[in-house]
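Numbering (our numbering), first residue to last: 1 to 624.
Even for Gly, the Cβ is constructed at its ideal location relative to N, Cα and C.
Treat the numbers as computed from the prediction; the structure is a model and nothing was measured.
First the structure, in the form of structure tokens, and then the observations on it.
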Amino acid sequence: MARPKSKTKKILFAVEIIVLLLFIGGLYVYGQLNSKLDKINQPVLDDSKIKVNQEVQDSIDSQESTLTGYTTYALFGIDHRDKNTALGGENSDTIIIASVNNDTKDVKLVSVYRDTLLNLGNDTYSKANAAYAYGEAEQAITMLNTNLDLNISEYATVNFNALTTIIDDLGGLDMDMSYAEIVHMNNYCVETSEETGKDYTPIELPDRPDDIEAVQYHYHLNGVQATSYCRIRYTASLDMGRTERQRRVIQMIVSKAKSAGLGKIFKIMDDVFPMVTTSMTKDEILQLLPTLIGYSVDDTTGFPSSFKFANVKGSIIVPTTLETNVIELHKFLYGDEAYTPSATVKANSEKILEIVGGESSLDDKQATVEENTTNDTNTENDTEKTKKEITMKIDDETIMTTDFEEPLKTGKLQLSVGNNATDEKTLNGYIGQASSMATVLDAGNMPIKYTIDENKYILSDITKNNINTAFYVIAGIVAISLIVLIVRYKTQGLLGAISYIGLASLLSIILRYTNVVISIEGIIGIILVLILNYIFVNKLLAKLNKKQLDNEMINQNLKETYKEFFMQIIPICIATITFCFINYEPISSFGMVMFWGIVLIAIYNIVITNLLMKCKTKETNSKN
Numbered sequence: 001m002a003r004p005k006s007k008t009k010k011i012l013f014a015v016e017i018i019v020l021l022l023f024i025g026g027l028y029v030y031g032q033l034n035s036k037l038d039k040i041n042q043p044v045l046d047d048s049k050i051k052v053n054q055e056v057q058d059s060i061d062s063q064e065s066t067l068t069g070y071t072t073y074a075l076f077g078i079d080h081r082d083k084n085t086a087l088g089g090e091n092s093d094t095i096i097i098a099s100v101n102n103d104t105k106d107v108k109l110v111s112v113y114r115d116t117l118l119n120l121g122n123d124t125y126s127k128a129n130a131a132y133a134y135g136e137a138e139q140a141i142t143m144l145n146t147n148l149d150l151n152i153s154e155y156a157t158v159n160f161n162a163l164t165t166i167i168d169d170l171g172g173l174d175m176d177m178s179y180a181e182i183v184h185m186n187n188y189c190v191e192t193s194e195e196t197g198k199d200y201t202p203i204e205l206p207d208r209p210d211d212i213e214a215v216q217y218h219y220h221l222n223g224v225q226a227t228s229y230c231r232i233r234y235t236a237s238l239d240m241g242r243t244e245r246q247r248r249v250i251q252m253i254v255s256k257a258k259s260a261g262l263g264k265i266f267k268i269m270d271d272v273f274p275m276v277t278t279s280m281t282k283d284e285i286l287q288l289l290p291t292l293i294g295y296s297v298d299d300t301t302g303f304p305s306s307f308k309f310a311n312v313k314g315s316i317i318v319p320t321t322l323e324t325n326v327i328e329l330h331k332f333l334y335g336d337e338a339y340t341p342s343a344t345v346k347a348n349s350e351k352i353l354e355i356v357g358g359e360s361s362l363d364d365k366q367a368t369v370e371e372n373t374t375n376d377t378n379t380e381n382d383t384e385k386t387k388k389e390i391t392m393k394i395d396d397e398t399i400m401t402t403d404f405e406e407p408l409k410t411g412k413l414q415l416s417v418g419n420n421a422t423d424e425k426t427l428n429g430y431i432g433q434a435s436s437m438a439t440v441l442d443a444g445n446m447p448i449k450y451t452i453d454e455n456k457y458i459l460s461d462i463t464k465n466n467i468n469t470a471f472y473v474i475a476g477i478v479a480i481s482l483i484v485l486i487v488r489y490k491t492q493g494l495l496g497a498i499s500y501i502g503l504a505s506l507l508s509i510i511l512r513y514t515n516v517v518i519s520i521e522g523i524i525g526i527i528l529v530l531i532l533n534y535i536f537v538n539k540l541l542a543k544l545n546k547k548q549l550d551n552e553m554i555n556q557n558l559k560e561t562y563k564e565f566f567m568q569i570i571p572i573c574i575a576t577i578t579f580c581f582i583n584y585e586p587i588s589s590f591g592m593v594m595f596w597g598i599v600l601i602a603i604y605n606i607v608i609t610n611l612l613m614k615c616k617t618k619e620t621n622s623k624n
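Here it is, written out as structure tokens:
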């Protein structure tokens, strides 16, 4: 039986409406994606600077290479603090190779350990992370291609802020952690928070377990915490553990993003894309996006898989050998069970062993305390060590250098970190750094057991001296002001002096409970506030002392004094407000002290000083 025509028309109409809505929705999504992709930084790579080993290129051209079934990307994480002073650029704190199977859409990730000794692509042998500082993305890609027999031509670079933002937009990550990881993460959070401008709440340490490396605690981490977790490299697993954490976080981000709604994805794009730099064009990204939902991170590992350590201008990771590690890499990334490395890889492998003095000179354990190490890009012929200087570093940044003439006999070591900053948050961060270093020692990276005798904040000598001097200056100003007021204005001067002391006391309370950082500049602000208040009280008493007064006349003279005083200090008020918003603590400290001082002069005198003067007038009228 034939379907009624009217019913068939209704069905067709409904289908047409659905198709139209899908089309409109698709156009909307495409338009949104197109506009948001404009926010990505897309520099044009100089292809002439990117090298690929000739044997690799020949096999690709002849369609014989297993690489042709895959697309390989380089992902770099840049730490803006990690500036290579010798080269003037930024080291790549994170180096990840992503291999995408074009048929199955499976993704495999390989973290290249940042301290791995490799040819940077120009016959300079150094740590792998120095390649980015040497010649940015082109040089870093060349370093990967020539040492690992790859044909990478596309890359993406992000910084700490991008990772922190995307994790916050996704609602954070649930992470299993060890006691040692909690200690180090809290320490790194101080710096990550300062770098990104984002807040966090330190995790309260549980009771110290017997095995501080055992993963047995579960926490929900926000962006700052998860990013700091990715930076940890001072547990027993060292840099290998750090890269494993990075890959774990990436996998969790991918998994969460897949289940996120379109609105959340658009927000992530708005927030994160301006922090991303990639060589891929907008059209290439748009073509890739529809298939992203089908991709999955299949497996991850680190490179080199077989390695030892050497101390050549710093502690470095040495592949044993580069040739055998490249074979294992191609087996992992591309499933090539019989890969033969190129002549370039073999030559680099031999040169690396020559630089470190042969395989017999390598150690199974990485040195934690390095002697006279520097951030240098040329490690080939400079292995001389200074025997009387010990340098301790965190993330290649020197934090302490000491000289000694005799062997240590007391068995005591003092760790001093920090600067002259006096705010509680910064000081707690410095204490965390010292505790973190102690945890490194206890984790077995050095054959040392330790006990913490004392943690304390120590003000620098210059700070203590200045505070003592400032105290005497402030006391002198207050004393002189009181004497002048009493001698000149008698009873009214005494009342003015009482008011003056009250204002100074109230100012100290306000500064205490508003958490204003009292620097040397802030102390100068206190002195200026006391001087301004003396000027105001003196002006008022000069007017009141000239005539018999009633309450109405007191009010009138107070108004006149206010008008004269604040008209004269308008420039000071403007400067004070400006100083409060300057992102330099000594200046902002001065501005905040002046701000509260001026506000207090305005409010306190119109209430307290006015009340005291009226009480004196009432008493005088009563006697008359």
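Exposed unless 16 or more other CB atoms sit within 10 angstroms - verdict on L544 | buried
State yes or no: is the C-beta of T576 within less than 8 angstroms of the C-beta of I598?
-> yes
Taking one C-beta from the stretch 35 to 50 and one from the stretch 265 to 284 each time, how about it: are there three or more such pairs within less than 8 angstroms?
-> yes
Where does E64 land, buried or exposed, given buried means 16+ other C-beta within 10 angstroms?
-> It is exposed - the Cβ of E64 has fewer than 16 other Cβ atoms within 10 Å.
Taking D176 as part of the beta strand (DSSP E), name the residues at either end of that continuous run.
-> L173 to S178
Are there 16 or more other CB atoms within 10 angstroms of the CB of G121, so buried, or fewer, so exposed?
-> Taking all protein chains shown into account, G121 has 16 or more neighbouring C-beta atoms within 10 Å of its C-beta and is therefore buried.
Roughly how many whole angstroms lie between the Cα atoms of V345 and A74?
-> 19 angstroms
Regarding K49 and the ligand MN, is the C-beta to nearest heavy atom distance less than 7 angstroms?
-> Among the ligands in the structure shown, none appear at all, so the ligand MN cannot be discussed.
Simplified DSSP assignment, three categories, for Y472 | helix
Endpoints, alpha helix (DSSP H) assigned at V110 = Where V110 is concerned, there is no enclosing alpha helix (DSSP H), although the beta strand (DSSP E) it sits in stretches over D106 to V112.
Check each candidate in D168, A140 and I498 and name the one with the smallest Cα separation from F160.
-> D168
Out of I510, S99, A602 and T321, point me to the one whose CA is closest to N533's CA.
-> Nearest C-alpha to N533: A602.
Closer than 8 angstroms by C-beta to M143: which residues in its own chain qualify, once you throw out the five before and the five after it? Chain order, please.
-> L118, N119, L120, G121, A128 and A131
Return the CA-CA distance between N605 and S589, expressed in angstroms with no decimal places.
-> 24 angstroms
Endpoints, the beta strand (DSSP E) within which K127 is located | Here the beta strand (DSSP E) through K127 covers Y125 to K127.
G121 - DSSP class collapsed to helix/strand/coil = Residue state, collapsed to three classes: coil.
Work out the CA separation of V593 and L611 for me, nearest whole Å.
-> Roughly 26 angstroms separates the two Cα atoms.
Beta-bridge partners of Y155, as assigned by DSSP | A74
Hey, how far is the Cα of K198 from the Cα of D93?
-> 20 angstroms
What residue range is occupied by the uninterrupted alpha helix (DSSP H) comprising D568?
-> Note that residue 568 is Gln in the sequence shown, not Asp. Its alpha helix (DSSP H) spans residues N551 to Q568.
contact_flag[the stretch 332 to 340, the stretch 314 to 323] where n(CB pairs < 8 angstroms) is 3 or more = When C-beta atoms of the stretch 332 to 340 are compared with those of the stretch 314 to 323, fewer than three pairs fall below 8 angstroms, so the two segments do not count as touching.
Segment limits, beta strand (DSSP E) that includes N91 | E90 to N101
Grouping DSSP H, G and I as helix and E and B as strand, with all else coil, what is P304?
-> coil
Exposure label - H220; buried when at least 16 CB within 10 Å = exposed
For L148, which of helix, strand or coil comes out of DSSP?
-> helix
Leaving aside the five residues before and after L485 along the sequence, list all residues of the same chain whose C-beta is less than 6 angstroms from its C-beta, in chain order.
-> Within the same chain, and ignoring the five residues on either side of L485 in sequence, the residues whose Cβ sits closer than 6 angstroms to its Cβ are G493, G496 and A497.
On the three-pair Cβ rule with 8 angstroms, is the stretch 164 to 181 touching the stretch 134 to 143?
-> With a cut-off of 8 angstroms, the stretch 134 to 143 and the stretch 164 to 181 do not count as touching, because too few Cβ pairs lie within range.
Name the one or two DSSP bridge partners that P319 has.
-> DSSP, once it has assigned bridges, lists F307 as partnering P319.
What's the call for Y334, buried or exposed, on a 16-neighbour Cβ count within 10 Å?
-> buried
Rounded to whole angstroms, how far is the Cβ of S342 from the Cβ of V110, which I believe are closer than 8 angstroms?
-> No, S342 and V110 are not in contact; Cβ-Cβ is about 18 angstroms, not under 8 angstroms.
Between N151, D47, M567 and I483, which lies nearest to T71 when the distance is taken from Cα to Cα?
-> N151
D353: which of A475, R208, P206 and T116 sits nearest, CA to CA?
-> Reading off the sequence, residue 353 comes out as Leu, not Asp. The shortest C-alpha separation from L353 is found at T116.
Label F536 either buried or exposed according to how many other C-beta atoms from any shown protein chain fall within 10 Å of its C-beta, with 16 as the threshold for buried.
-> By the neighbour-count rule (16 or more Cβ atoms within 10 Å), F536 is buried.
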